[in-house]
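Read the structure below first, then the notes.
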Ligand SMILES: [Zn+2]
């Protein structure tokens with residue numbers, strides 16, 4: 197048994213924990229760049245918590261582009277920033293991580309980007325970064341990669357480095373209380389997927405398994421509850437915890453075919469990541485169970501799927517097929533759409549399948565799926 201666990205220096209979880217921010221960052225210097233999304237209100241309240249610091253706001257409206265990050269890095273350098281805080285959804289946190297990492301490393305961003313650049317490793321620690329999620333789903337506050345869109349190349353690529361791991365992940369469930377239902381559903385489905393895929397991943401380890409078990413149990417009961425009543429604050433808290441545990445699990449055990457598909461599809465179509473994951477999840481689980489029974493009946497992943505069945509249904513006698521039934525029912529309850537209703541053309545299926553086969557997440561899938569199986573999943577979800 198060999199494994200590594202990379203986590204932020206400090207993880208702070210709890211209702212109203214944002215109020216502790218000033219004290220938490222007191223050792224990180226007094227020049228702060230606060231990265232936020234379209235609405236600056238949350239960033240302004242962060243400014244209010246950092247009265248002794250000189251602060252500047254930087255807005256990233258959608259998934260960050262190369263240009264967004266380059267401008268943010270310029271801003272950080274020009275202001276001689278000592279700390280980067282990201283407060284927002286996964287895209288904002290990824291932007292904050294990328295800006296903090298690139299602000300201290302010399303040269304051009306393309307030196308460090310995968311696929312479209314040279315993919316060199318970052319050699320210097322970034323500026324200290326504090327990640328504060330306002331959605332419950334991506335787990336970006338505890339992962340060491342940042343997804344960046346290249347408009348020129350029409351793809352999304354990753355900047356990956358242990359130096360991108362935030363110093364502090366501050367998860368305050370209160371920040372998710374006002375999330376609109378649509379965002380609650382899409383990000384919640386991402387959280388569920390990011391707990392299920394690492395549990396059966398080929399790189400799973402006992403530590404991430406523990407996080408996944410605890411997270412799946414909570415998200416299974418709280419996702420339907422919070423969609424029904426956004427003011428169910430206990431369910432909001434459980435979703436925030438599930439999202440955090442999913443992030444820790446995926447960062448250390450990898451994902452699987454759902455994210456293998458979602459990566460390239462996110463670059464090709466303008467659809468929310470979590471929704472793509474939610475649409476595909478039951479079909480991938482079905483295909484994986486089928487392929488494992490056929491070609492790897494002794495795989496521990498089959499026991500993993502049985503366990504998922506018990507965790508989501510709460511029944512000690514449940515098995516893999518019961519878990520699959522639960523996932524299908526939840527998709528119906530939450531009105532999860534189809535790929536066709538997202539405007540994804542059927543002709544694109546072979547192209548998506550061949551790109552997905554090469555995606556890094558696909559390598560952690562519990563069994564290698566054939567090109568035919570990959571296309572069949574997309575057709576079933578279309
Ligand atoms: Zn995801």
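Residue numbers (this note's numbering): 197 to 578. Virtual Cβ for every residue (Gly too), placed ideally from N, Cα, C.
In the structure shown, the three-state DSSP call for residue 252 is strand. By the neighbour-count definition (other C-beta atoms within 10 Å, threshold 16), residue 260 is a buried residue. For the set 461, 505, 212, 226, the Cα lying nearest the Cα of residue 351 is the one of 461. Contact between the stretch 540 to 558 and the stretch 416 to 434 is absent: fewer than three C-beta pairs spanning the two stretches fall below 8 Å. Within the same chain, Cβ atoms closer than 7 Å to the Cβ of residue 416 are found at 507, 508, the five residues on either side in sequence being excluded. Those residues having their beta-carbon less than 7 Å away from any non-hydrogen atom of ligand 1 are, in chain order, 334, 386, 389, 390, 455, 458, 469, 470, 473. Judged by their CB atoms, residue 353 and residue 312 are nearer to each other than the 8 Å cut-off. When the Cα atoms are used, residue 327 and residue 308 turn out to be separated by approximately 22 Å.
For residue 279, the enclosing beta strand (DSSP E) starts and ends at 279 to 284. For residue 475, the enclosing alpha helix (DSSP H) stretches over residues 469 to 491.
Ranked by Cα distance from residue 202, the first of 475, 358, 492, 450 is 358.
Taken through DSSP and simplified to helix, strand or coil, residue 566 comes out as coil.
Closest in C-alpha terms to residue 384, from the list 472, 316, 360, comes 472. Residue range 429 to 449 is occupied by the alpha helix (DSSP H) that includes residue 439. Setting aside the 5 residues that flank it on each side, residue 412 is surrounded in the same chain by 391, 507, each with a C-beta closer than 6 Å to its C-beta; the list follows chain order. When the five nearest sequence neighbours on each side are left out, the beta carbons in the same chain lying within less than 7 Å of the beta carbon of residue 343 are those of 259, 290, 352, 354, in order along the chain. Annotation: the continuous beta strand (DSSP E) that includes residue 327 extends over 325 to 329. By the CB criterion at 8 Å, residue 484 and residue 449 fall outside the cutoff. DSSP, read as helix, strand or coil, puts residue 230 in strand. Residue 315 has its alpha-carbon roughly 13 Å from the corresponding atom of residue 298. Checking the DSSP bridge columns, you'll see residue 346 partnered with 351.
For the pair residue 465 and residue 482, the Cα-to-Cα distance works out to about 24 Å.
Ranked by how close their Cα comes to the Cα of residue 574, the residues 553, 361, 555, 535 have 535 in first place. Membership of residue 208 in the beta strand (DSSP E) is indicated by the continuous run 206 to 209. Counting C-beta pairs with one atom in each stretch, the stretch 431 to 444 and the stretch 515 to 533 have fewer than three that are closer than 8 Å, which means they do not touch. If you ignore the 5 residues before and after residue 208, its C-beta comes within less than 6 Å of the C-beta of 366, all in its own chain and listed in chain order.
Counting other Cβ atoms within 10 Å of its Cβ, residue 226 stays below 16 and is therefore classed as exposed.
Going by DSSP, residue 367 is part of the beta strand (DSSP E) stretching over 364 to 367. Between residue 478 and residue 527, the CB-CB gap stays under 8 Å. With a 10 Å radius around the Cβ and a threshold of 16 neighbouring Cβ atoms, residue 341 comes out buried. In the three-state DSSP reduction, residue 240 falls in the helix class (H, G or I). Contact annotation: residue 330 and residue 446 have beta-carbon atoms that are not nearer than 8 Å. Between residue 558 and residue 470, the C-beta spacing is not below 8 Å. Partner residues in the beta bridge of residue 261, as assigned by DSSP, are 345.
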